[in-house]
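For reference, the structure discussed in these notes is given below.
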RNA sequence: GGCCCCGUCGUCUAGUGGUUAGGACACCAGGUUUUCAUCCUGGUAACAGGAGUUCGAUUCUCCUCGGGGCUACCA
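In the working numbering, the protein residues as written are 1101 to 1579.
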């Protein structure tokens, strides 16, 4: 028996950005396709014309491209008349699987409110299901707006096998007569999705768990058309720290925001892959090739996963530390540019080399390294005192340091030599007493790269100037 | 409310009818270091609860509880 080629799709609707959970769904689809030498299709589901957002489709595609997992076909855009949704809906009516419904949104809303008040499950009462031919054609001719609804059987159940959850069963008596075609002539998700999946030959529908309860409706539609039913795999949801569905209100959900903050796409891929899936061993760091090799739907988790920012930061920091310095410099420069700092490539490279081990996100580079570029530093004079060292002693030490550094010939003002000189002084005065105040007066921060390294990059003149500044600060504070 | 899904450290998770219940992030401590960071070592920390099956359940079954999703002419 020849096995059909596996085909999956990612079918987001354009809301204005690529949801990070959507990105994970895409990743899992992508990995599954690659693992099985199949094909992944990108399809944009934009049948909701009321919510249409200008440019959303483009930005979605743009972000997906930046992530760097290329799809094989598409993007196909539903609004660009892909399927003959109206014709197919009509066919369903003709075959007795669907029917015209003339109930206005107003009537529907009242129905719902009454049901809720009566503590009943809100559901369409199917009053249009048994309209006779005559009445239907009369209403149609008079131009009354209508929708087409799926005729859900009154009894029985739908049972299907989910690749992640195994057998799932729904009683048909709990399923509403789903609208397939809206009164504006556009299909709902349910119709468009099934139709497109069928005509594209999708073999595996891998999507978020929020679709699990509409799957019976979809199966009913496949059956009504007498189409073969694809495999389903419903992914666990991504959650906020408070366990609710990951939402915009609680932090970033837009993939492009993560990219803009300086998370690498390899970080995002690695991190998202492990959020709901794992290879069954202790490996945490994965490149794409390894992910493709290891991935399987069976190892996907059933329960939702909280999106853990700390671990994401750690992973990104890890990748940043692994990165060749020239590449890191290239990535950091736009962030430095943004702050208006002058770009001297050679100097920048030295700075970034020093800060590499501290960097967790590219957009932190400004905060970490701004003292190299600023003219004046703001800090409390008290920060200059090491341990219990007094103000006077600190001042004396700084004067000694200055004297020492001043004597170094300009061309020898290198970290190695500076360190050697400082160590002589440190032996006499104590390491903390020497290195600490120098660090503070150069960086203005309590944590920073080693002072001698900073001094080399800043140059002798600026270094001496900053020491002077610190001495003055101490004096002023004492008065 | 109804239907469906889920339930191992704070978080992401591994795991088995008998384990000292493992790893990672975070946290704490120690080491390296002039600070921070990196790196190394160690530590705190979990099987939601109750029945049943069993010689033995974290593991299998049921119930309870808890969390989540769906319940739109949104996807």
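Where is the CB? At the ideal position from N, CA and C, for every residue including glycine. From a predicted model like this one, the values you see are computed outputs, not experimental measurements.
By the C-beta density criterion, residue 1170 is exposed, having fewer than 16 other C-beta atoms within 10 angstroms. The straight-line gap separating the alpha-carbon atoms of residue 1522 and residue 1554 is approximately 14 Å. For residue 1261, the closest C-alpha among the options 1281, 1305, 1272 and 1236 is that of 1305.
Going by C-alpha positions, residue 1234 is about 35 Å away from residue 1297. In the structure shown, residue 1154 falls within a coil segment according to DSSP collapsed to helix, strand and coil. Around the C-beta of residue 1482, fewer than 16 other C-beta atoms lie within 10 Å, and the residue is accordingly described as exposed. Inclusion of residue 1277 and residue 1240 in the CB contact set at 9 Å is not warranted, their separation being larger than that value. In the DSSP annotation of this structure, the continuous segment of the alpha helix (DSSP H) that includes residue 1491 starts and ends at 1491-1507.
For the 9 Å CB-CB criterion, residue 1456 and residue 1425 form a contact. Under the rule that a run must span 4 or more residues, the alpha helix (DSSP H) segments found entirely inside the segment 1418-1470 read 1425-1438, 1445-1455 and 1465-1469.
With 16 or more other CB atoms across the displayed protein chains lying within 10 angstroms of its CB, residue 1543 is buried.
For residue 1535, no beta strand (DSSP E) segment is defined; the enclosing uninterrupted segment is the alpha helix (DSSP H) at 1531-1543. Spanning the alpha carbons of residue 1508 and residue 1565 requires a straight line of approximately 15 Å. When 1254, 1571, 1163 and 1302 are compared, the shortest CA-CA separation from residue 1104 is found for 1302.
Assignment of alpha helix (DSSP H) within the segment 1167-1215, counting only whole runs of 4 or more residues, yields 1185-1194 in chain order. A buried status is given to residue 1178, since no fewer than 16 other beta-carbon atoms sit within 10 Å of its beta-carbon. Ranking 1247, 1204 and 1531 by CA distance to the CA of residue 1190 puts 1247 first.
Here DSSP, grouped into helix, strand and coil, assigns residue 1311 to helix. Beta-bridge partners assigned by DSSP to residue 1327: none are found. Burial is judged here by how many other beta carbons sit within 10 angstroms of a residue's own beta carbon; residue 1220 has fewer than 16 and is exposed.
Per DSSP, residue 1124 is one residue of the alpha helix (DSSP H) stretching across 1120-1135. With respect to residue 1343, residue 1264 sits apart: the two C-beta atoms are not nearer than 9 Å.
Residue 1552 counts as buried, since no fewer than 16 other beta carbons sit within 10 angstroms of its beta carbon. Where residue 1144 is concerned, there is no enclosing alpha helix (DSSP H), although the beta strand (DSSP E) around it starts and stops at 1139-1144. Counting other Cβ atoms within 10 Å of its Cβ, residue 1164 reaches 16 or more and is therefore classed as buried.
Taking C-beta separations shorter than 7 Å and ignoring five residues to either side along the sequence, the partners of residue 1270 in its chain run 1257, 1258 and 1316, following chain order. Across the structure, residue 1333 and residue 1326 are spaced so that their CA atoms are roughly 21 Å apart. With contacts defined by Cβ atoms closer than 9 Å, residue 1534 and residue 1501 form a contacting pair. Between the alpha carbons of residue 1513 and residue 1408 lies a distance of about 45 Å. Taking the Cα positions, residue 1116 is about 19 Å away from residue 1288. Residue pairing by DSSP places residue 1230 in no beta bridge whatsoever. Uninterrupted beta strand (DSSP E) stretches at least 3 residues long and entirely within the segment 1244-1274 occur at 1247-1250, 1257-1262 and 1266-1271, given in chain order. Here residue 1123 really is in contact with residue 1372; their C-beta atoms are around 6 Å apart, less than 8 Å. For residue 1280, the enclosing beta strand (DSSP E) starts and ends at 1279-1281. Residue 1539 and residue 1472 have their C-alpha atoms roughly 12 Å apart. In the displayed model, residue 1353 falls within coil according to three-state DSSP, outside both helix and strand.
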